[in-house]
Amino acid sequence: MAGATQQNGDVLVTADGTPLRISLARALRRQKIRALFLVAPLFLFIVITFFVPIVDMLFRSVENSIVSEVLPKSTKLLVEWDANGNALPPEAVFAAMVEDIREGRKNRTITRVGQRLNYETPGMSSLFRSSGRKVKRIKSGPYKSALLKANKKWGDIETWKLIKQFSTNYTSGYFLAAVDAKKKPDGEIVRVDEDARIYIELFKRTLKLSIIITMMTLILGFPIAYLMAILPTRTSNLLLIFVLLPFWTSLLVRTTAWIALLQQQGVINEFLVFAGIVHTDSRPQMIHNQFGSIVAMTHILLPFMVLPLFSVMKTIPKSYVRAAVSLGAHPWLAFWKVYFPNTVPGIGAGAILVFILAIGYYITPELVGGTEGTFISNRIAYHISGSLNWGLGAALGVILLGIVIALYLLYDKIVGIDNMKLG
Amino acid sequence: MNEVGKVTWDLVDAVASDAMRLCDEGLALPINADKDLAPAPDGTPASKDFGDLLVSECFIPQIVYSTTFGYRTDKVKSKPTSVCDVFDLEKVPGKRSLEKKPINNFEWALLCDGVAPDKIYDVMGAKGGVERALKKLGTIKDQVIWWTKGAQTPQLLADGEVVMGSTYNGRLFSVIEEEKQPIGMLWDWQVFDLDGWIIPKGTKNLDAVKKFVRFATDTQRLADQAKFISYGPARKSSAPMVGKHAKLGIDMKPHMPTDPKNAKNTLLFNYEFWADHQDDFTERFEAWLAK
Numbered sequence: 000m001a002g003a004t005q006q007n008g009d010v011l012v013t014a015d016g017t018p019l020r021i022s023l024a025r026a027l028r029r030q031k032i033r034a035l036f037l038v039a040p041l042f043l044f045i046v047i048t049f050f051v052p053i054v055d056m057l058f059r060s061v062e063n064s065i066v067s068e069v070l071p072k073s074t075k076l077l078v079e080w081d082a083n084g085n086a087l088p089p090e091a092v093f094a095a096m097v098e099d100i101r102e103g104r105k106n107r108t109i110t111r112v113g114q115r116l117n118y119e120t121p122g123m124s125s126l127f128r129s130s131g132r133k134v135k136r137i138k139s140g141p142y143k144s145a146l147l148k149a150n151k152k153w154g155d156i157e158t159w160k161l162i163k164q165f166s167t168n169y170t171s172g173y174f175l176a177a178v179d180a181k182k183k184p185d186g187e188i189v190r191v192d193e194d195a196r197i198y199i200e201l202f203k204r205t206l207k208l209s210i211i212i213t214m215m216t217l218i219l220g221f222p223i224a225y226l227m228a229i230l231p232t233r234t235s236n237l238l239l240i241f242v243l244l245p246f247w248t249s250l251l252v253r254t255t256a257w258i259a260l261l262q263q264q265g266v267i268n269e270f271l272v273f274a275g276i277v278h279t280d281s282r283p284q285m286i287h288n289q290f291g292s293i294v295a296m297t298h299i300l301l302p303f304m305v306l307p308l309f310s311v312m313k314t315i316p317k318s319y320v321r322a323a324v325s326l327g328a329h330p331w332l333a334f335w336k337v338y339f340p341n342t343v344p345g346i347g348a349g350a351i352l353v354f355i356l357a358i359g360y361y362i363t364p365e366l367v368g369g370t371e372g373t374f375i376s377n378r379i380a381y382h383i384s385g386s387l388n389w390g391l392g393a394a395l396g397v398i399l400l401g402i403v404i405a406l407y408l409l410y411d412k413i414v415g416i417d418n419m420k421l422g
Numbered sequence: 000m001n002e003v004g005k006v007t008w009d010l011v012d013a014v015a016s017d018a019m020r021l022c023d024e025g026l027a028l029p030i031n032a033d034k035d036l037a038p039a040p041d042g043t044p045a046s047k048d049f050g051d052l053l054v055s056e057c058f059i060p061q062i063v064y065s066t067t068f069g070y071r072t073d074k075v076k077s078k079p080t081s082v083c084d085v086f087d088l089e090k091v092p093g094k095r096s097l098e099k100k101p102i103n104n105f106e107w108a109l110l111c112d113g114v115a116p117d118k119i120y121d122v123m124g125a126k127g128g129v130e131r132a133l134k135k136l137g138t139i140k141d142q143v144i145w146w147t148k149g150a151q152t153p154q155l156l157a158d159g160e161v162v163m164g165s166t167y168n169g170r171l172f173s174v175i176e177e178e179k180q181p182i183g184m185l186w187d188w189q190v191f192d193l194d195g196w197i198i199p200k201g202t203k204n205l206d207a208v209k210k211f212v213r214f215a216t217d218t219q220r221l222a223d224q225a226k227f228i229s230y231g232p233a234r235k236s237s238a239p240m241v242g243k244h245a246k247l248g249i250d251m252k253p254h255m256p257t258d259p260k261n262a263k264n265t266l267l268f269n270y271e272f273w274a275d276h277q278d279d280f281t282e283r284f285e286a287w288l289a290k
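Protein chains in written order, with numbering that gives the first Met the number 0: chain A, 0 to 422; chain B, 0 to 290.
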């Protein structure tokens, strides 16, 4: 492009005769590719370590190919069978089932079907495990009576209805379970028995506690951040270290420290008894309940509120408030009308950060939450690493993610996301 | 790991129920006890020496441990003698810690609600069984701290937060004998479970692993394990060889869960029953807790 340009009709061209527009685009493209190469490692890293696993995990909340994969012949035949009639499937289905179980036993996949169906109806796990062991002995038909002899549950029409219902490749079963509902074989969606409802309650509690924790960090964090912003740098740096110090301490250590402080034989209770404020037999219960979760998590998440607040407050010129006061405003009014609105981007950033961290918190509520202070993530963790019901764990995760995104959009609508400032 | 074809473990420590499931799903290698494991010093084949504890063809048992109760000897009104004292707030007032799981708690609750020991699982599996167990647990619900990690009960006992609580017997041993805390053992209706090795399918060092397992689970090695913690060796032939604690020098035999004095009333963890009912009962248990 450096060369002289000459007029060639109406098109501007460079020294070598190519039109200027094309030459410019070419140079720009080269720059773009170079930039892309620079970003590529990070981009690939995020795709491989973050995006792909999450999408894969989310996919598990609807994926249900296991039943039809392991029992291909019988589920194919069951399509024809009328589940609403009151008759057991015909002999051919039983014969196909024997064949499927035999094959599944050989490939060691049969217990996985049992495990999958056991999530829906207890007893399926042992049905498939024991049938897998006994099917070896079934040499010839009639297969119906042979299977019934192996396990009498094969004579229960509900067993077959269940297999038919869950032989589709995709299922809404996990999502329904995640909102305390289930689908009957005839397609009707009903709520589960009252004594088994748990997830909706836990979602509500998770939201409630996260909001309380966010408010608490704001109430406690705002004055600290304000103090740090108005003090001379030397003093405020010292304060900053105090804010960051717990941040550098292990999460488990901080949680356990709260147990030592708050328990009934703990430091605070001992002091209250020593000071004569409470009687030793009526020590207040401050941990293994919601109070414990709120206190410990507020403390742990406090730096995430203080730091964005501090960085925003530091940029607010002191002259603003001075100007307001010199024009006759009461200091409180000046603070409220002039200073506070300027801190909103920091409040927004801190609140979103704390809220999103709180809503997915796991280990602290597990240790100090008792029964009434646990979060939905404790159940997700249980299903991912305890019961291995990944489908349900994934469904709960999707719902949680949905709630977070919805709240984020709501925030964007009310406050505006461009207004947020992290530093 | 197996799904992506990359098995990075050669040997895995697992409890029996996990071993059974991994075996069923073909993720653990079946072993031939007599061929792969060392015979007892007197020549008894390994299959006889381990006996019933070979609960799965993939499982190589190492230790017998139990979940049982410890209590603060200095803080209880009267010394608990039966597991039903856990449910007796008059005899033993104060907080107790129980595991945040239906397993074991349901067994103890039904037992103390008058169910015969051999009928526990029939009653629990029948209609109304869970409600009955939860109702019994409900009588002490507001006095219970629920634990999820094995270290919690020993800590709660040592701090005096609870007067009694369930945990693994070896944890209680170390808090009593090593930490010298005023805690006593209540062995009544302890629930036995097994811990051992499995060999994951697809390991690249099978020969070395088998050599190690053969050595690590022979009679002397299993007996030696009891020098450090009070978990019972899984071989019959190891029992007479259990000696003294490596550091404290105390006789370990009376601390074994399998010692006849401790094992008057015991339950064995019912793998089959819980494989079917764990998911369902846990949901109901958690729903009950949340209320």
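Heads up, the beta-carbon is just placed ideally off N, CA and C, and yes, glycines get one too.
- prompt: Along chain A, in chain order, which residues have C-beta atoms closer than 8 angstroms to that of Ile144/B?
  reply: Within 8 angstroms of the CB of Ile144/B, the CB atoms of chain A belong to His287, Gly369, in sequence order along the chain.
message: Restricting to Cα atoms, I'd like to know which of Gly183/B, Ala289/B, Phe280/B is closest to Ala125/B.
response: It is Phe280/B whose Cα lies nearest to the Cα of Ala125/B.
field: Neighbour flag for Thr110/A against chain B, beta carbons, 9 angstroms
entry: Using a CB distance cut-off of 9 angstroms, Thr110/A counts as an interface residue toward chain B.
task: Run the proximity test for Ser139/A: is its beta-carbon closer than 8 angstroms to any non-hydrogen atom belonging to the ligand HEM?
output: The ligand HEM is absent from the structure shown, which contains no ligand whatsoever.
Contacts that His276/B makes with chain A (C-beta to C-beta distance below 7 angstroms): Within chain A, the residues Pro121 have their CB atoms less than 7 angstroms from the CB of His276/B, given in chain order.
message: Check for me: the alpha helix (DSSP H) holding Gly390/A runs from which residue to which?
response: For Gly390/A, the enclosing alpha helix (DSSP H) starts and ends at 389 to 413.
message: Quick check: Asp192/B and Ser16/B, are their CB atoms within less than 9 angstroms of each other?
response: In contact: Asp192/B and Ser16/B (Cβ atoms closer than 9 angstroms).
- prompt: Which of the three DSSP states, helix, strand or coil, is assigned to Lys260/B?
  reply: Lys260/B sits in coil when the DSSP states are folded into three classes, being neither helix nor strand.
- request: Can you pull the chain A residues whose beta carbon is under 7 angstroms from the beta carbon of Gly159/B, in chain order?
  value: For a Cβ distance threshold of 7 angstroms, residue set Gln264 of chain A lies close to Gly159/B, ordered along the chain.
task: Check each residue of the region 97 to 129 of chain B: if its Cβ is closer than 7 angstroms to any Cβ of chain A, include it; give the result in chain order.
output: If the cut-off is 7 angstroms between Cβ atoms, the region 97 to 129 of chain B has nothing near chain A.
- prompt: What residue from Ser129/A, Gly113/A, Leu206/A, Leu406/A has the CA that sits closest to Ile162/A's CA?
  reply: Checking every option, the nearest Cα to that of Ile162/A belongs to Gly113/A.
message: Taking only three categories from DSSP, how would you classify Tyr118/A?
response: Tyr118/A falls in the coil class under three-state DSSP.
query: Since Arg190/A is in the beta strand (DSSP E), which residue starts that stretch and which ends it?
result: Here the beta strand (DSSP E) through Arg190/A covers 188 to 190.
task: Consult DSSP for Glu89/B and reduce its assignment to one of helix, strand or coil.
output: The three-state reading of DSSP puts Glu89/B in coil, since its state is none of H, G, I, E or B.
task: Grab me the residues of Val320/A's own chain with a C-beta within less than 6 angstroms of its C-beta, minus the 5 sequence neighbours each way, in chain order.
output: Contacts found: Ala333, Val337, Tyr338.
- prompt: Taking Asp278/B as the reference, which of Val129/B, Ile59/B, Leu88/B, Ala207/B has the closest Cα?
  reply: Measuring from the Cα of Asp278/B, the nearest candidate turns out to be Val129/B.
- prompt: What separation, rounded to the nearest whole angstrom, lies between the Cα atoms of Lys72/A and Asn288/A?
  reply: Each residue's alpha carbon lies about 52 angstroms from the other.
- request: Could you check what DSSP says for Glu98/B in three-state terms: helix, strand or coil?
  value: Glu98/B: strand per DSSP, three-state reduction.
field: CB contact flag (Gly231/B, Val14/B, <9 angstroms)
entry: Not a contact, by the Cβ cut-off of 9 angstroms.
field: Supposed contact pair Pro344/A and Asn418/A - C-beta distance, whole angstroms, cut 8 angstroms
entry: With 8 angstroms as the limit, Asn418/A and Pro344/A qualify as a contact, their Cβ atoms being about 5 angstroms apart.
query: What residues match up with Ser165/B in a beta bridge as DSSP calls it?
result: According to DSSP, Ser165/B bridges with Phe68/B.
message: Rounded to the nearest angstrom, what separates Leu136/B and Gln262/A at their Cα positions?
response: Approximately 23 angstroms between the Cα atoms of the pair.
query: Who are the Cβ neighbours of Gln356/B in its own chain at under 6 angstroms, not counting the five residues just before and after it?
result: As displayed, chain B neither begins before 0 nor continues past 290, which places residue 356/B out of reach and without an answer.
task: Please state if the CB of Pro153/B and the CB of Leu171/B are separated by a distance shorter than 9 angstroms.
output: With contacts defined as CB atoms closer than 9 angstroms, Leu171/B and Pro153/B qualify as a contacting pair.
field: Amino acids of chain B, ordered along the chain, whose beta-carbon sits closer than 7 angstroms to that of Ile197/A
entry: Close to Ile197/A, with beta-carbon spacing below 7 angstroms, are these residues of chain B in chain order: Glu282, Glu285, Ala286, Ala289.
- request: List the residues of chain B whose Cβ lies closer than 9 angstroms to the Cβ of Asp423/A, in chain order.
  value: Only positions 0 to 422 of chain A appear in this structure, which leaves residue 423/A out of reach.
Minimum C-alpha distance to Thr205/A - residue among Met312/A, Arg29/A, Thr370/A, Asp99/A: Comparing alpha-carbon positions, the option among Met312/A, Arg29/A, Thr370/A, Asp99/A lying closest to Thr205/A turns out to be Thr370/A.
query: When the Cα of Phe174/A is compared with those of Asn63/A, Leu37/A, Pro330/A, Thr363/A, which residue comes out closest?
result: For the residues Asn63/A, Leu37/A, Pro330/A, Thr363/A, the minimum Cα distance to Phe174/A belongs to Asn63/A.
query: Listing by chain order, which chain A residues have their CB less than 7 angstroms from the CB of Thr66/B?
result: Within chain A, no residue has its beta carbon less than 7 angstroms from that of Thr66/B; the closest one is some 17 angstroms off.
message: Which residue wins for smallest C-alpha separation from Tyr167/B, given the options Pro256/B, Lys226/B, Glu282/B?
response: Nearest option by C-alpha distance: Pro256/B.
- prompt: In whole angstroms, what is the alpha-carbon distance linking Asp99/A and Pro184/A?
  reply: Distance between the alpha carbons of Asp99/A and Pro184/A: 22 angstroms.
query: Does the beta carbon of Asn150/A come closer than 9 angstroms to any beta carbon on chain B?
result: Chain B contact via Cβ: absent.
query: According to the Cβ coordinates, are Ile294/B and Glu176/B closer than 9 angstroms?
result: The structure shown has nothing for residue 294/B, since chain B only spans 0 to 290.
task: With Ile197/B as the anchor, note down where its alpha helix (DSSP H) starts and where it stops.
output: First-last for Ile197/B: 182 to 197, but that is the beta strand (DSSP E), not the alpha helix (DSSP H).
- request: Ignoring anything shorter than 3 residues or poking outside the region 62 to 134 of chain A, list the beta strand (DSSP E) runs there in chain order.
  value: Listed in chain order, there is nothing to give.
query: Which of the three DSSP states, helix, strand or coil, is assigned to Tyr169/A?
result: Three-state DSSP puts Tyr169/A in a strand.
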